[in-house]
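Okay, so here's the structure we're looking at.
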Amino acid sequence: MDPEAPSSHFSNCTHCGFCLAVCPTYKLTGDENNSPRGRLRLWSEEAAGRLPRDKWTDFYTEECVGCLACETACPATVPYGQIFERIRHDHVTTGRSHPGPVLRLAAALVTAPFWFNLALLPARLLRRCGLAWPPLLFPGRPPLLQSSAAYAAELMRLRNPTGPRVALLTGCLMEAMFREINFATIRVLIENNVRVVIPEHQGCCGAFQEHTGLGDAAALGARNRKAFGSVEVDAIVCNSSGCGYALGKSLAPDRPVRDVLAFLGDLGPVRRQREPTDATRVYVDLPCHLVHGQKSPGIPAAVLDATGYRWELAPNARDCCGSGGVYNLQKPENARAILAGKAAFLNEAEGAPVVLATSNHVCMMQWNSAGKSGLVKRPYEVRHVIQLLDPGECFGRGSGPA
Amino acid sequence: MNDLDVRLRALLPRGRVLTSPAQLAAYGADGLGYKNYRPDAVVLPADAAELAAFMRGAKRLAVPLVMRGAGTSLSGGPVAAQGGVIVHTSALKAVPVINAHGFWCEVESGVTLNDLDAILKPHGVFYPPDPSSGPVCTLGGNVASNAGGAHCFRYGVTSNYVLGVEAVLLDGSVHRFGGPAGGRGPWREDWKRFMIGSEGTLAAFTRFWLRLLPLPEKVWTFRATYPDLTTTEAAIHALVADPSYPAAIEMLDPRGVAMVESSQMACGLPEGSFLLLVEIDGPAPLVDGRVPHVAELLRRAGSTDVTFSEEALIRQKLWKARKAAGGLLGQLSPSYVVQDAVIPKRALAEVLRLVYDEADAAGIRVVNVFHAGDGNLHPNFLFDSRVPGELEKVERISKHLMERVIAVGGTLSGEHGIGNDKSGYMPLVFGPDSMRLQLAVPAAFNPTHQMNPLKVFDDRRFGS
Chain Z
66 MDPEAPSSHF
76 SNCTHCGFCL
86 AVCPTYKLTG
96 DENNSPRGRL
106 RLWSEEAAGR
116 LPRDKWTDFY
126 TEECVGCLAC
136 ETACPATVPY
146 GQIFERIRHD
156 HVTTGRSHPG
166 PVLRLAAALV
176 TAPFWFNLAL
186 LPARLLRRCG
196 LAWPPLLFPG
206 RPPLLQSSAA
216 YAAELMRLRN
226 PTGPRVALLT
236 GCLMEAMFRE
246 INFATIRVLI
256 ENNVRVVIPE
266 HQGCCGAFQE
276 HTGLGDAAAL
286 GARNRKAFGS
296 VEVDAIVCNS
306 SGCGYALGKS
316 LAPDRPVRDV
326 LAFLGDLGPV
336 RRQREPTDAT
346 RVYVDLPCHL
356 VHGQKSPGIP
366 AAVLDATGYR
376 WELAPNARDC
386 CGSGGVYNLQ
396 KPENARAILA
406 GKAAFLNEAE
416 GAPVVLATSN
426 HVCMMQWNSA
436 GKSGLVKRPY
446 EVRHVIQLLD
456 PGECFGRGSG
466 PA
Chain F
4 MNDLDVRLRA
14 LLPRGRVLTS
24 PAQLAAYGAD
34 GLGYKNYRPD
44 AVVLPADAAE
54 LAAFMRGAKR
64 LAVPLVMRGA
74 GTSLSGGPVA
84 AQGGVIVHTS
94 ALKAVPVINA
104 HGFWCEVESG
114 VTLNDLDAIL
124 KPHGVFYPPD
134 PSSGPVCTLG
144 GNVASNAGGA
154 HCFRYGVTSN
164 YVLGVEAVLL
174 DGSVHRFGGP
184 AGGRGPWRED
194 WKRFMIGSEG
204 TLAAFTRFWL
214 RLLPLPEKVW
224 TFRATYPDLT
234 TTEAAIHALV
244 ADPSYPAAIE
254 MLDPRGVAMV
264 ESSQMACGLP
274 EGSFLLLVEI
284 DGPAPLVDGR
294 VPHVAELLRR
304 AGSTDVTFSE
314 EALIRQKLWK
324 ARKAAGGLLG
334 QLSPSYVVQD
344 AVIPKRALAE
354 VLRLVYDEAD
364 AAGIRVVNVF
374 HAGDGNLHPN
384 FLFDSRVPGE
394 LEKVERISKH
404 LMERVIAVGG
414 TLSGEHGIGN
424 DKSGYMPLVF
434 GPDSMRLQLA
444 VPAAFNPTHQ
454 MNPLKVFDDR
464 RFGS
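Those protein sequence lines, which keep their order, are chains Z and F. Counted the way the numbering used here counts, the first sequence spans residues 66 to 467. Counted the way the numbering used here counts, the second sequence spans residues 4 to 467.
In structure tokens, the structure reads:
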């Protein structure tokens with residue numbers, strides 16, 4: 066597809082309506098304008114000059130979560146995500162959509178990893194101390210000062226793995242706020258005899274820009290093409306499916322990007338041993354950008370088995386949780402309503418403790434909010450699947466290992 | 004806000020009223036995306052009670068009313084051909100009663116087929132009609148068009164499963180035609196058959212009472228390839244007459260197979276042949292025992308490549324590919340018209356040859372994927388509505404096809420309904436007397452033809 070002319074693909078849509086059944090905002094509102102085929106119709110009519118610029122077009126565009134479930138459902142393979150991102154970017158640059166000041170500040174900061182890491186140091190400190198925090202921030206103990214790159218280099222020296230070599234994207238929010246997941250990823254990879262490289266000069270994957278329509282995702286893509294383009298590795302891996310999807314688009318078609326769990330699945334990861342009396346039950350939710358964005362079949366059963374816990378897919382695991390990158394900040398009411406349907410099962414779920422595991426940090430934030438906002442009225446823990454493979458991980462104390 | 008907007012809001016204090024041009028664009032078309040009719044307004048009643056209350060005041064609006072479920076119709080049914088108000092029933096999603104022992108359920112008209120399937124499955128029962136739009140289409144649309152689907156060869160169509168219809172007429176009166184007790188007791192006249200297939204021309208549907216069946220214990224799906232139309236037709240005749248009584252007999256022509264195999268729905272279908280998809284189901288010992296017989300029958304008819312499976316994943320993949328065929332057409336062409344003619348099966352090869360010959364001569368691509376067991380053709384004519392003259396070519400071929408269909412003793416529509424896409428062909432089948440009687444039915448329920456005008460009958464216009 067010509068990236069300059071996404072409207073040329075509007076016409077692929079035969080208006081069959083298969084997307085309605087999977088669209089979270091159509092399911093929520095029952096309004097066809099609030100569905101993929103409805104939005105495509107609005108954008109194409111406006112592009113063809115049959116519909117004037119209208120605040121309702123702006124409204125329905127902003128309503129889209131961007132979960133891409135419609136791409137999976139679409140028999141005509143309409144590249145909805147690409148069209149949507151371009152339209153959203155156009156709406157922001159032409160003043161039809163106005164992301165708030167916090168998002169604008171964040172969009173500027175994520176392009177400068179040093180300053181972003183520094184700015185979020187107090188947040189890392191508060192998380193590490195386990196202090197009360199907004200509903201989206203799940204508990205964890207992020208290292209404060211040592212970077213993931215330094216940690217990987219140190220652990221590589223100590224363990225000296227000899228297996229396949231991977232380049233890891235450490236991400237912006239993952240590194241600045243949820244660094245403990247990066248550390249866990251590095252530990253698990255190295256324990257599995259994988260050599261880990263953290264390419265220098267890598268930056269934000271661009272997903273934040275795509276989610277908000279702010280900034281220049283293409284420039285970030287170019288930076289990562291330079292950072293990852295020439296590294297000699299067996300695979301480029303990501304531990305957040307949203308970042309993996311965005312980086313994959315930036316590096317395509319030259320360098321494929323793999324989800325770290327899929328990579329481990331092929332290796333057959335070291336299996337954790339649990340006590341026979343361990344009553345932990347893990348419910349696995351599949352991020353939209355993994356199954357609909359990266360078109361992955363899911364998180365490999367071999368990896369989930371290797372956690373040693375009893376696990377099962379959460380009900381409607383392929384449906385959106387409402388996180389949508391920053392959707393839960395921009396459209397909190399919709400996001401909460403979407404999550405309500407997904408999270409209700411946790412109230413009755415068996416297990417002590419009950420763990421909700423997924424593979425995207427923004428989905429983890431959304432799932433964590435279900436308890437804080439009263440949708441789930443019993444204790445549960447939110448974890449990245451990679452943390453369940455981490456030898457230091459344990460439950461019931463509200464935080465993971467450093 | 005205009006006057007209509009104000010009056011609609013007064014009628015729908017809890018539901019939603021859409022009147023801005025950008026709120027109406029998405030409602031301009033049904034599954035025939037290339038045809039556009041912009042309504043003057045769209046309303047989304049909050050529930051069945053509000054829909055009934057709306058209908059009480061709707062007559063005074065003096066504009067056409069068009070009921071719409073999920074807008075997946077392929078005949079131009081739920082579109083505002085004469086303008087007016089579209090009533091979208093997406094909020095009517097309740098399934099208040101499942102009586103698994105009595106084999107019936109009560110559902111609201113906006114429930115989708117797949118949601119109903121999922122709700123019924125744990126009870127060990129199912130609702131058989133299965134149009135390909137099942138993931139999204141609603142019971143309201145199914146009843147309005149008397150929908151069918153692949154498995155209707157044995158199970159029958161929607162009308163075989165509707166026990167009762169709750170309908171709201173334009174005077175606001177709520178009628179229950181039929182019901183779980185078969186029309187006795189407190190139920191009104193058993194006029195449900197008037198309602199089924201009425202394409203929104205009589206009343207607004209709020210709920211239905213549906214007959215259910217026990218889920219089949221075992222299912223086997225076969226696929227067999229054939230070199231030409233003649234052997235394919237022979238296989239269909241053999242299957243139809245066989246006591247194994249398949250639940251579904253579907254056909255994909257080589258162009259349909261190629262389309263599936265070059266898409267994300269690819270499932271290893273052998274290309275270059277006509278393909279039959281056949282399913283048998285029932286009690287395990289009975290069905291398992293019939294597998295070799297059906298395979299042999301398919302081979303005897305001329306297939307050298309017969310495979311079959313009871314594995315759910317393989318079967319699901321085959322059916323997903325078959326049922327997504329309509330949408331897959333979007334990968335080939337921006338627009339398409341699908342016909343829905345039903346013909347005696349002895350004329351299958353003959354009529355399909357006409358389809359190929361005419362389409363090839365006109366330079367129009369055609370893909371045939373259809374319910375062969377029912378003789379229910381679905382030639383999909385691909386064209387580009389932006390190229391002048393293409394649609395006219397398709398319409399010309401369609402007209403010739405319909406004339407041949409009538410000549411061999413067939414009819415216009417098996418399951419899609421007439422809508423405004425096939426209304427022009429009605430006089431080919433029905434004489435003046437029959438047309439007069441058919442028109443008298445909507446006139447009895449809504450004399451001014453306010454409900455879905457310009458549908459089924461070309462001259463059925465509101466206000467005339």
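Ideal Cβ positions, reconstructed from N, Cα and C, are used throughout, including at glycine.
Can a CB atom of chain Z be found closer than 9 Å to the CB of F/V340? Counting from one through the second sequence, the residue named residue 340 of chain F turns up at place 337. No, F/V340 lies away from the interface with chain Z (no Cβ there is under 9 Å from its Cβ).
So the candidates are Z/Q431, Z/L201, Z/S305 and Z/L285; which of them puts its Cα closest to the Cα of Z/I451? Reading the first sequence from its first residue, position 386 is the one you call residue 451 of chain Z. If we check each option's Cα against that of Z/I451, Z/S305 comes out closest.
Bridge-paired residues (DSSP) for F/E169: Within the second sequence, numbered from 1, the residue matching residue 169 of chain F stands at position 166. Answer is F/R179 and F/R210, bridged to F/E169.
For F/N102, which of F/I122, F/R17, F/V114 and F/A84 has the nearest alpha-carbon? Walking along the second sequence from the start, residue 102 of chain F turns up at place 99. When only C-alpha atoms are compared, the closest one is F/I122.
If you pair each beta-carbon of the stretch 207-219 of chain F with each one of the stretch 103-110 of chain F, do three or more pairs fall below 8 Å? yes
In three-state terms, what does DSSP make of F/E353? Stepping through the second sequence from its first residue, residue 353 of chain F is reached at position 350. Helix.
Is F/N117 near F/P138, with beta carbons less than 9 Å apart? The residue labelled residue 117 of chain F in the question sits at position 114 within the second sequence. The residue labelled residue 138 of chain F in the question sits at position 135 within the second sequence. In this structure, F/P138 lies closer than 9 Å to F/N117 by Cβ.
F/V46: first and last residue of the uninterrupted beta strand (DSSP E) it sits in: The count along the second sequence starts at 1 and reaches residue 46 of chain F at position 43. Start and end: A44 to L47.
Can you find a C-beta in chain F that's less than 9 Å from the C-beta of Z/F83? By 1-based counting over the first sequence, the position of residue 83 of chain Z is 18. Taking Cβ atoms only, chain F reaches closer than 9 Å to Z/F83, which makes this a yes.
Closer than 9 Å by beta-carbon distance: list the chain F residues that pair up with Z/P117, in chain order. In the first sequence, counting from the first residue as 1, residue 117 of chain Z sits at position 52. Result: P24 and A25.
Name the DSSP bridge partner or partners of F/T115? Locating residue 115 of chain F in the second sequence gives position 112, counting from the first residue. The partner list for F/T115 (beta bridge, DSSP) reads F/T141.
Cβ-based neighbour list, Z/N99, same chain, cut-off 7 Å, excluding 5 preceding and 5 following: Taking the first residue of the first sequence as position 1, residue 99 of chain Z is located at position 34. Answer for Z/N99: T90, Y91, Y125 and E128, listed in chain order.
Per DSSP, F/P217 is paired with what? Here residue 217 of chain F refers to the residue found at position 214 when the second sequence is read from its first residue. Answer by DSSP bridge pairing, in chain order: F/V128.
If we define contact as Cβ-Cβ less than 9 Å, is F/F373 a contact residue for chain Z? Here residue 373 of chain F refers to the residue found at position 370 when the second sequence is read from its first residue. No, its Cβ sits nowhere closer than 9 Å to a Cβ of chain Z.
Rounded to the nearest angstrom, what separates Z/A217 and F/L332 at their Cα positions? Numbered from its first residue, the first sequence carries residue 217 of chain Z at position 152. Numbered from its first residue, the second sequence carries residue 332 of chain F at position 329. Going by the C-alpha atoms only, they are around 50 Å apart.
So Z/L133 contacts chain F; which residues on that side make the cut at Cβ distance below 8 Å? As a working note, residue 133 of chain Z is residue 68 in the first sequence. The premise fails here: Z/L133 is roughly 14 Å from chain F at the closest Cβ pair, so nothing lies under 8 Å.
Mapping DSSP to helix, strand and coil, what is F/D284? Numbered from 1 along the second sequence, position 281 holds the residue referred to as residue 284 of chain F. Note: F/D284 maps to strand in three-state DSSP.
Between F/L279 and F/W223, what straight-line distance do the alpha-carbon atoms span, to the nearest angstrom? Along the second sequence, one-based indexing puts residue 279 of chain F at 276. Along the second sequence, one-based indexing puts residue 223 of chain F at 220. Near 14 Å, if we compare the C-alpha coordinates of F/W223 and F/L279.
Applying the criterion that 16 or more other CB atoms from any shown protein chain within 10 Å of the CB defines a buried residue, is Z/R443 buried or exposed? If you number the first sequence from 1, residue 443 of chain Z lands on position 378. Under this definition Z/R443 is an exposed residue.
Inter-residue Cα distance where the pair is F/A472 and F/A244: Because chain F spans 4 through 467 in this model, residue 472 of chain F falls outside it and cannot be assessed.
Looking at F/Y30 and F/W42, is the spacing between their C-beta atoms short of 9 Å? Residue numbering aside, residue 42 of chain F sits at position 39 when the second sequence is read from its first letter. Residue numbering aside, residue 30 of chain F sits at position 27 when the second sequence is read from its first letter. Reading off the sequence, residue 42 of chain F comes out as Pro, not Trp. Yes, these two residues count as a Cβ contact at 9 Å.
What does the alpha-carbon distance come out to for the pair F/T233 and F/K348? By 1-based counting over the second sequence, the position of residue 233 of chain F is 230. By 1-based counting over the second sequence, the position of residue 348 of chain F is 345. Whole-angstrom Cα-Cα distance: 12 Å.
My guess is that F/V290 and F/A227 are in contact by the Cβ rule of under 8 Å, so how many angstroms apart are they, rounded? For the purposes of this step, residue 290 of chain F is taken as the residue at position 287 of the second sequence. For the purposes of this step, residue 227 of chain F is taken as the residue at position 224 of the second sequence. Going by Cβ atoms, the distance from F/V290 to F/A227 rounds to 18 Å, so no, they are not a contact pair.
Measure the Cβ-Cβ separation of F/T141 and F/S112 and say whether it is below 9 Å. Taking the first residue of the second sequence as 1, we reach residue 141 of chain F at position 138. Taking the first residue of the second sequence as 1, we reach residue 112 of chain F at position 109. Contact flag set, yes.
So, is Z/L190 buried or exposed, given that buried needs 16 or more other C-beta atoms within 10 angstroms? Indexing the first sequence from 1 puts residue 190 of chain Z at position 125. Counting Cβ neighbours within 10 Å, Z/L190 comes out exposed, since fewer than 16 surround it.
Among the residues of its own chain, which have a CB less than 7 Å from the CB of Z/A188, if the five just before and after it don't count? As a first step, residue 188 of chain Z must be located in the first sequence, where it is residue number 123. Taken in chain order, the residues that qualify are M242.
Taking only the alpha-carbon atoms, compute the straight-line gap between Z/E69 and Z/C308 and give it to the nearest angstrom. Walking along the first sequence from the start, residue 69 of chain Z turns up at place 4. Walking along the first sequence from the start, residue 308 of chain Z turns up at place 243. Unreliable placement is indicated for Z/E69, whose pLDDT of 42 sits below 50; no coordinate value is reported for it.
DSSP-derived helix/strand/coil call for F/E313: As a working note, residue 313 of chain F is residue 310 in the second sequence. F/E313 falls in the coil class under three-state DSSP.
If you follow the alpha helix (DSSP H) that Z/Y125 is in, where does it begin and where does it stop? As a first step, residue 125 of chain Z is located in the first sequence; it is residue number 60 there, counting from the start. Its alpha helix (DSSP H) spans residues K120 to E128.
Which residue marks the beginning of the beta strand (DSSP E) containing F/M198, and which one marks its end? As a first step, residue 198 of chain F is located in the second sequence; it is residue number 195 there, counting from the start. Careful: F/M198 lies outside any beta strand (DSSP E), inside the alpha helix (DSSP H) at K195 to M198.
Given a limit of 9 Å on CB to CB distance, which residues of the stretch 139-160 of chain Z reach chain F? C139, P140, A141, T142 and V143
Find the nearest neighbour of Z/D319 within the set Z/T342, Z/C303 and Z/G294, judged by alpha-carbon distance. Residue mapping note: residue 319 of chain Z aligns to position 254 of the first sequence, counting from 1. The candidate whose alpha carbon is nearest that of Z/D319 is Z/G294.
Count the other C-beta atoms from every protein chain shown that fall within 10 angstroms of the C-beta of Z/T372, then say buried if there are 16 or more, exposed otherwise. The count along the first sequence starts at 1 and reaches residue 372 of chain Z at position 307. The residue in question, Z/T372, is buried, as its Cβ has 16 or more Cβ neighbours within 10 Å.
So, helix, strand or coil for F/R17, using DSSP? As a working note, residue 17 of chain F is residue 14 in the second sequence. If DSSP states are grouped into helix, strand and coil, F/R17 belongs with coil.
Using a Cβ cut-off of 7 Å, pull out every chain F residue sitting near Z/H357, in sequence order please. Position 292 of the first sequence holds residue 357 of chain Z. Per Cβ cutoff of 7 Å: no residues; Z/H357 is ~12 Å from chain F at best.
Taking 9 Å as the threshold (C-beta atoms), are F/A153 and F/E313 in contact? Walking along the second sequence from the start, residue 313 of chain F turns up at place 310. Walking along the second sequence from the start, residue 153 of chain F turns up at place 150. Cβ atoms of F/E313 and F/A153: not closer than 9 Å.
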